[in-house]
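K.L.:
In the numbering used here, the protein residues as written are 1 to 462.
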């Protein structure tokens, strides 16, 4: 057991977490006593007590006076009832103790910058004494806004300034800011399909009429159909991924992106580009929509947690022409974001630490992607087809014969496994025979066995 005083409790926490996951059942189970566990792991009683306190705060265990600590009974797997939202059920299931979630899409789960971020934050906290009246910065910390503007500047003709960058607490908040600033109530919006479920939900909440453009196996739209659609529909907005199509995992040719942007410019259509995975393309120099878009009709948004980790959920949106509207929305929302945390993120960006990290993380993602594809071929090659992705953190998997993936999802819940069926990435009933599989997993778990159970569920559901 790790004896370093700064990290001993973390090792105990990981040990107990794995023990709880392996022992998960619908009955409470008594955990080892503090003294017993301290002797077994050769650490202090206070270290064991602190690790137990963390687990109790998370709701994974409970303590009883004079009896000790107990695991919480695992809730029985429940399938979505008629009328219940599949997505809500999925995320409720994925958060239950003991579940193996194959549905994540967080690259930083493999390697995060959370520790350097927190260390930088502590150093800054010593340099900048806390004011009794916290500095109110509803648009975001100036240092971070300036750094983001610098990173998006490409040339003397294609540049950004700090006052064109607006920060929010998370991805949901900045997309909401952008949609409110656009004020397209009731308008028509184009999205790539499959499309992020989070984006679909927000577009519906904004009362926009969504038209999905299905991607083919090569990551392309049918441009003839798109052109005909633009001629008959009053499209006002398009929401696309910047480089890799997420969650499809494909890469659209630069010429197609250029043609789409030309049509959008001719018709005055706004482009809202999702750059959250822009740095996670495995193809060097991949073209982005903003390389060809009308700069006055362009908004770019992204979340920093994809690269840095969960401690940096900060998100941002850039716009050259909607500054006053976005500023008004920020003032109305009154975001209270930690100035020190924002400064710490800015320092990691300006020092090049994030770029070095992303380079290493891309390599790890590619390695795990190939590993997952190989295991999937071994366990379910005759049932499922999973082409290698051009970037991102997931594989887009298709059943080789008609299989309703929602039924597969329900069957796997009984085995404690959660997948993301393709149906949640469309509001028009597309992708029923697809699923998204993550390769940012806890690889200490039995992933091969889980994929074997997936193959069995697909076979039974077909």
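All C-beta atoms, glycine included, are put in the ideal place defined by N, C-alpha and C.
#1: Once DSSP output is grouped into helix, strand and coil, what is the label at residue 141?
#2: Within 10 angstroms of its Cβ, does residue 447 collect 16 or more other Cβ (buried), or is it exposed?
#3: Taking residue 177 as the reference, give the member of 324, 128 and 395 with the closest Cα.
#4: State the start and end residues of the unbroken beta strand (DSSP E) segment that holds residue 209.
#5: For residue 280, which of 193, 391 and 195 has the nearest alpha-carbon?
#6: Rounded to a whole number of angstroms, what is the C-alpha to C-alpha distance between residue 186 and residue 336?
#7: Does the distance from the CB of residue 491 to the CB of residue 451 come in under 9 Å?
#8: Only counting runs of 3 or more residues, tell me where the beta strand (DSSP E) segments fall wholly within the segment 194-267, in order along the chain.
#9: Can you look up residue 280 in the DSSP assignment and give me helix, strand or coil?
#10: Going by CA-CA distance only, name the one from 14, 453, 114 and 219 that's closest to residue 389.
#11: Helix, strand or coil: which one does DSSP assign to residue 338?
#12: Express the C-alpha separation of residue 89 and residue 82 in angstroms, rounding to a whole number.
#13: Could you please give me the residues that DSSP links to residue 316 through a beta bridge?
#14: Which residue marks the beginning of the beta strand (DSSP E) containing residue 69, and which one marks its end?
#15: Alpha helix (DSSP H) containing residue 456: first to last residue?
#16: Tell me whether the beta-carbon of residue 86 lies closer than 9 Å to the beta-carbon of residue 312.
#17: Starting from residue 437, follow its DSSP beta bridges and name the residues at the other end.
#18: Is the CB-CB distance between residue 316 and residue 148 below 9 Å?
#19: To the nearest whole angstrom, what separates the beta carbons of residue 342 and residue 318, a pair I think is in contact under 8 Å?
#20: Hey, out of 269, 288 and 222, whose CA is closest to residue 297's CA?
#21: By Cβ distance below 7 Å, which residues in the same chain neighbour residue 68 in space, the five residues on each side in sequence not counted?
#22: Is the separation between the beta-carbon of residue 102 and that of residue 418 shorter than 9 Å?
#23: For residue 287, which residues in the same chain have their Cβ closer than 7 Å to its Cβ, ignoring the five residues on either side in sequence?
#24: Where residue 181 and residue 329 are concerned, what is the direct C-alpha to C-alpha distance, given to the nearest angstrom?
#25: List the residues that DSSP assigns as beta-bridge partners of residue 100.
#26: Alpha carbon to alpha carbon, how far is residue 100 from residue 381?
#27: Who does residue 48 pair with in a DSSP beta bridge?
#28: Give the range of the beta strand (DSSP E) segment to which residue 273 is assigned.
#29: Starting from residue 157 and walking both ways along the beta strand (DSSP E), at which residues does that stretch end?
#30: Leaving out the 5 sequence neighbours to the left and right, which residues in its chain are closer than 8 Å to residue 211 when beta-carbon positions are compared?
P.N.:
Quick look at the numbers:
#1: The count along the chain shown starts at 1 and reaches residue 141 at position 141. Coil, per DSSP.
#2: Within the chain shown, numbered from 1, the residue matching residue 447 stands at position 447. Around the beta carbon of residue 447, a 10 Å sphere encloses 16 or more other beta carbons of the protein chains shown; the residue is thus reported as buried.
#3: As a working note, residue 177 is residue 177 in the chain shown. With distances taken between CA atoms, residue 177 lies nearest to 324 out of 324, 128 and 395.
#4: The sequence position of residue 209 within the chain shown is 209, counting from 1. Note, residue 209: beta strand (DSSP E), 209-214.
#5: Here residue 280 corresponds to residue number 280 of the chain shown, with the count starting at 1. Checking every option, the nearest Cα to that of residue 280 belongs to 391.
#6: Reading the chain shown from its first residue, position 186 is the one you call residue 186. Reading the chain shown from its first residue, position 336 is the one you call residue 336. Roughly 31 Å between the two C-alpha positions.
#7: Outside the shown range of the chain, which is 1 to 462, sits residue 491, and nothing can be said about it.
#8: The beta strand (DSSP E) runs lying completely inside the segment 194-267 and spanning 3 residues or more are 209-214 and 235-241, given in chain order.
#9: Taking the first residue of the chain shown as 1, we reach residue 280 at position 280. Helix.
#10: If you number the chain shown from 1, residue 389 lands on position 389. In this structure, 219 is the residue among 14, 453, 114 and 219 with its C-alpha nearest to the C-alpha of residue 389.
#11: Locating residue 338 in the chain shown gives position 338, where the first residue counts as 1. Coil, per DSSP.
#12: Here residue 82 refers to the residue found at position 82 when the chain shown is read from its first residue. Here residue 89 refers to the residue found at position 89 when the chain shown is read from its first residue. Confidence in residue 82 is poor, its pLDDT being 38 and thus under 50, which makes the residue's placement unreliable; the coordinate value appears in the next sentence. In a straight line, the C-alpha of residue 82 is about 12 Å away from that of residue 89.
#13: Here residue 316 is taken as the residue at index 316 of the chain shown, counted from 1. Bridge pairing for residue 316: 167 and 302 [DSSP].
#14: To locate residue 69, count along the chain shown from 1; it is residue 69. Secondary structure note for residue 69: its beta strand (DSSP E) is the uninterrupted segment 68-71.
#15: Looking up residue 456 in the chain shown gives position 456. 447-461 is the extent of the alpha helix (DSSP H) around residue 456.
#16: As a position in the chain shown, residue 86 is number 86, starting the count at 1. As a position in the chain shown, residue 312 is number 312, starting the count at 1. Contact flag unset, no.
#17: Within the chain shown, numbered from 1, the residue matching residue 437 stands at position 437. Answer by DSSP bridge pairing, in chain order: 395.
#18: Numbered from 1 along the chain shown, position 316 holds the residue referred to as residue 316. Numbered from 1 along the chain shown, position 148 holds the residue referred to as residue 148. For residue 316 and residue 148, yes; Cβs fall inside 9 Å.
#19: Position 342 of the chain shown, counting from 1, holds the residue named residue 342. Position 318 of the chain shown, counting from 1, holds the residue named residue 318. About 16 Å separates the beta carbons of residue 342 and residue 318, which is beyond the 8 Å limit, so they are not a contact pair.
#20: Translated into the one-based positions of the chain shown, residue 297 becomes position 297. When only C-alpha atoms are compared, the closest one is 269.
#21: Sequence index remark: in the chain shown, residue 68 carries index 68 (1-based). In chain order, 30, 31 and 33 place their CB closer than 7 Å to the CB of residue 68, counting only its own chain and leaving out the 5 sequence neighbours on each side.
#22: In the chain shown, counting from the first residue as 1, residue 102 sits at position 102. In the chain shown, counting from the first residue as 1, residue 418 sits at position 418. Yes, these two residues count as a Cβ contact at 9 Å.
#23: The residue labelled residue 287 in the question sits at position 287 within the chain shown. Sequence-distant partners of residue 287 (beyond 5 residues in either direction) whose C-beta falls short of 7 Å from its own C-beta, in its chain, are 254 and 257.
#24: Looking up residue 181 in the chain shown gives position 181. Looking up residue 329 in the chain shown gives position 329. The alpha-carbon atoms of residue 181 and residue 329 are separated by roughly 7 Å.
#25: For this step, residue 100 is matched to residue 100 along the chain shown. Per DSSP, the beta-bridge partners of residue 100 are 417.
#26: Taking the first residue of the chain shown as position 1, residue 100 is located at position 100. Taking the first residue of the chain shown as position 1, residue 381 is located at position 381. Going from the Cα of residue 100 to the Cα of residue 381 covers about 21 Å.
#27: Your numbering for residue 48 matches position 48 in the chain shown. Its beta-bridge partners do not exist; DSSP assigns none.
#28: Within the chain shown, numbered from 1, the residue matching residue 273 stands at position 273. For residue 273, the enclosing beta strand (DSSP E) has its first and last residue at 270-274.
#29: Along the chain shown, read from residue 1 onward, the residue named residue 157 stands at position 157. Premise fails: residue 157 is in no beta strand (DSSP E) and is neither H nor E.
#30: What you label residue 211 is simply residue 211 of the chain shown in a count that begins at 1. These residues qualify, in order along the chain: 188, 189, 190, 191, 229, 233 and 235.
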